[in-house]
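When you read off a place in the sequence shown, starting at 1, and then add 365, the result is the number in this note's numbering.
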Amino acid sequence: MSTEARSGKEWLTAWNPEDEATWDKALAWRTLWITTFTLTMCFVAWFLPSAIIPKLNAIGYNFTPGQLYWLAATPGLSAGLLRLVWMVLPPIMGTRKMVALTTLLLFFPVLGWGVRTMLPGTAPYWELLALAFLAGIGGGAFSGFMPSTSYFFPKRMQGTALGLQAGIGNFGVSLVQLLTPWVIGFGMFWWMGISQEMKLPGKPDQTVWYQAASYVWLPFILIGAYLAWQYLKSVPIKANIKQQFDIFSNQDTWWMTILYIMTFGTFSGLSAQFGLLMNQLYGSGNAAIVQGTGAAAQILVDGYTVPDPAKYVFLGPLVGAGARVLFAPLTDKMGGAIWTL
366 MSTEARSGKE WLTAWNPEDE ATWDKALAWR TLWITTFTLT MCFVAWFLPS
416 AIIPKLNAIG YNFTPGQLYW LAATPGLSAG LLRLVWMVLP PIMGTRKMVA
466 LTTLLLFFPV LGWGVRTMLP GTAPYWELLA LAFLAGIGGG AFSGFMPSTS
516 YFFPKRMQGT ALGLQAGIGN FGVSLVQLLT PWVIGFGMFW WMGISQEMKL
566 PGKPDQTVWY QAASYVWLPF ILIGAYLAWQ YLKSVPIKAN IKQQFDIFSN
616 QDTWWMTILY IMTFGTFSGL SAQFGLLMNQ LYGSGNAAIV QGTGAAAQIL
666 VDGYTVPDPA KYVFLGPLVG AGARVLFAPL TDKMGGAIWT L
């Protein structure tokens with residue numbers, strides 16, 4: 366890792382994590398825990414739409430299945446594009462500015478989803494698409510957070526450190542999907558705005574505060590941005606944009622990209638769509654099972670109970686995130702290539 370001198374108190378000088386005598390272990394681990402907390406908020410913001418979209422029609426919107434699937438897919442599409450932006454930011458901005466400002470950006474799509482679920486049916490489709498695109502900032506930031514954290518650790522520990530960061534950060538997916546059904550029905554959040562009536566097939570209307578699913582995260586996002594700005598440092602790295610894009614001339618980049626699409630692409634894609642898939646196949650979206658809407662809906666299959674996707678969608682992401690944390694140390698012992706095979 367090549368470093369250069371940069372002015373300002375946030376920039377470290379003579380930083381070399383491979384030198385045990387001078388490596389500041391406490392700073393490295395402090396950086397890891399702060400960036401992991403903020404990365405968790407990134408995943409919360411990224412997958413917040415996936416926890417909301419399956420119930421948009423139940424609280425007052427009237428979208429087609431195709432429109433709902435596009436809404437759920439848009440954060441993933443934007444995250445893929447934005448990763449090309451965030452991958453070049455660590456050497457340019459430094460860890461401190463990049464993490465703090467990125468975390469602050471999350472505030473706006475999360476707030477927007479809160480406003481538009483508090484007043485269901487008032488937002489045009491294009492506006493929700495825009496909010497879904499902005500939610501992808503949380504996914505795009507992943508390509509900046511991971512390398513910027515790796516600067517602080519020796520190579521022998523990078524697998525463990527980055528596995529912890531990615532794994533715990535991924536828990537943000539399960540966190541937002543697990544807590545949303547609980548938060549929206551909790552009466553203590555009445556002060557967050559007006560309530561909505563959620564109409565579920567064959568069940569009485571339920572009073573909910575769907576905006577709470579968004580608003581409850583805003584303080585944590587602001588706390589994360591403050592911690593990053595106040596306590597993080599930056600490693601001055603010699604790398605311009607052209608040098609970073611040289612990786613595209615390496616065929617291994619493309620093989621790893623294909624592998625990554627099959628692994629993390631599957632994880633993130635299914636995590637975002639699982640709620641809608643359950644609803645369309647086994648719930649109110651299947652005309653062979655449910656006819657009508659709300660309490661007056663007729664269940665066409667005798668003895669069948671329509672499942673609530675919100676009770677199950679978090680399970681897949683939970684397994685994926687846990688696997689990252691548990692297997693991270695093995696990559697340091699076995700090597701990334703061997704473990705990948």
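Note that the Cβ used here is the ideal one computed from N, Cα and C, for glycine as well.
Since we're looking at a predicted model, the values are computed, not measured.
Span separating the alpha-carbon of Y669 from that of A652 = Rounded to whole angstroms, Y669 to A652 spans 14 Å at the Cα level.
Using only CA atoms, which one of T631, S636, P672, F632 lies nearest to S649?
Relative to the Cα of S649, the nearest Cα in the group T631, S636, P672, F632 belongs to P672.
Can you give the Cα-Cα distance for A488 and G501, rounded to whole angstroms? Distance between the alpha carbons of A488 and G501: 19 Å.
Assign L496 to one of two classes, buried (16 or more other C-beta atoms within 10 Å of its C-beta) or exposed (fewer than that).
In the assembly as shown, L496 is a buried residue. Its beta-carbon has 16 or more other beta-carbons within 10 Å.
query = How long is the line joining the alpha carbons of F473 and G509, rounded to whole angstroms?
reply = Taking the straight line joining both Cα atoms gives about 20 Å.
Enumerate in chain order the residues of its own chain whose CB-to-CB distance from M463 is below 7 Å, with the five nearest sequence positions on each side excluded. Closer than 7 Å at the Cβ level, and outside the excluded window around M463, lie L454, P455, G509, S513.
At the level of alpha carbons, what is the spacing between L470 and T396? Roughly 20 Å between the two C-alpha positions.
Notebook entry, point to check: Name the DSSP beta bridge partners of V464, please?
Noted result: BP columns for V464 are empty, so no partner.
From T637 to G503, what does the alpha carbon distance come to, in whole angstroms?
Going by the sequence as given, residue 637 is Ala instead of Thr. Going from the Cα of A637 to the Cα of G503 covers about 13 Å.
Please report the Cβ distance between T401 and L529, rounded to the nearest whole angstrom; I am assuming they are in contact, meaning their Cβ atoms lie under 8 Å. Yes, T401 and L529 are in contact; Cβ-Cβ is about 7 Å, under 8 Å.
Handout entry: Euclidean distance between Cα positions of F507 and L665
Key = Counting only the Cα atoms, L665 lies some 45 Å from F507.
- prompt: Can you tell which of G532, S415, A410, Y596 has the C-alpha that lies nearest to the C-alpha of A391?
  reply: Closest option to A391, Cα to Cα, is Y596.
* To do: Confirm, please, whether the CB-CB distance from P519 to P382 is below 7 Å.
  => Cβ distance < 7 Å, so P382 and P519 count as in contact.
Problem - From L493, L476, G532, residue whose alpha carbon lies closest to that of K408 - result: Note that residue 408 corresponds to Phe in the displayed sequence, not to Lys. F408 has its Cα closest to that of G532, out of L493, L476, G532.
Exercise. Have a look at L544 and K598 and give me their C-alpha separation to the nearest angstrom.
Key: Going from the Cα of L544 to the Cα of K598 covers about 33 Å.
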